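To start, the structure itself, in structure tokens.
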Amino acid sequence: MEKSNIDYLLDHMTKRRVNIDVLRGLIREVGNIAMNTSYVSLKVVNEWLEYLGWGKNVLDEKGLQLILLVLEENGLINVQWHSLN
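If you use this note's numbering, the sequence shown corresponds to residues 185 to 269, in order.
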């Protein structure tokens, strides 16, 4: 059976030593940031998370992308993906 994006997210965040008990709150915060910001980037999200008390550089690019995928899969946000060259 293929792993889901939430499984990949759990694995990734565990490797980054993010407490799984607070991951739900982190996902919620990223969702709120994405819904209230016209442009979402790693820098923007980490700045907001730091402002909200989560600490510095909570997410890396892979973690942010996985959270956005999970939120999109659950119909909570609609992401327009752009690649930067």
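C-beta: ideal position from N, C-alpha, C; glycine also. For clarity, every value in this text was computed on a predicted model and none was experimentally measured.
Nearest-angstrom Cα separation, counted from residue j out to residue i
i	j	result
residue 226	residue 232	10 Å
residue 191	residue 267	24 Å
residue 254	residue 244	16 Å
residue 221	residue 250	18 Å
residue 257	residue 195	18 Å
Whole-angstrom C-beta distance between residue j and residue i, which should lie under 8 Å
i	j	result
residue 217	residue 224	7 Å
From the options, residue whose alpha carbon lies closest to that of residue i
i	options	result
residue 263	204, 185, 240 and 214	214
residue 242	255, 252, 202 and 187	202
residue 228	248, 209, 185 and 187	248
residue 199	212, 246, 186 and 230	246
Backbone secondary structure at residue i - three-state DSSP
i	result
residue 221	coil
residue 247	helix
residue 206	helix
residue 133	Since the displayed the chain opens at 185 and closes at 269, residue 133 lies outside it and no answer follows.
residue 232	helix
residue 187	coil
residue 241	coil
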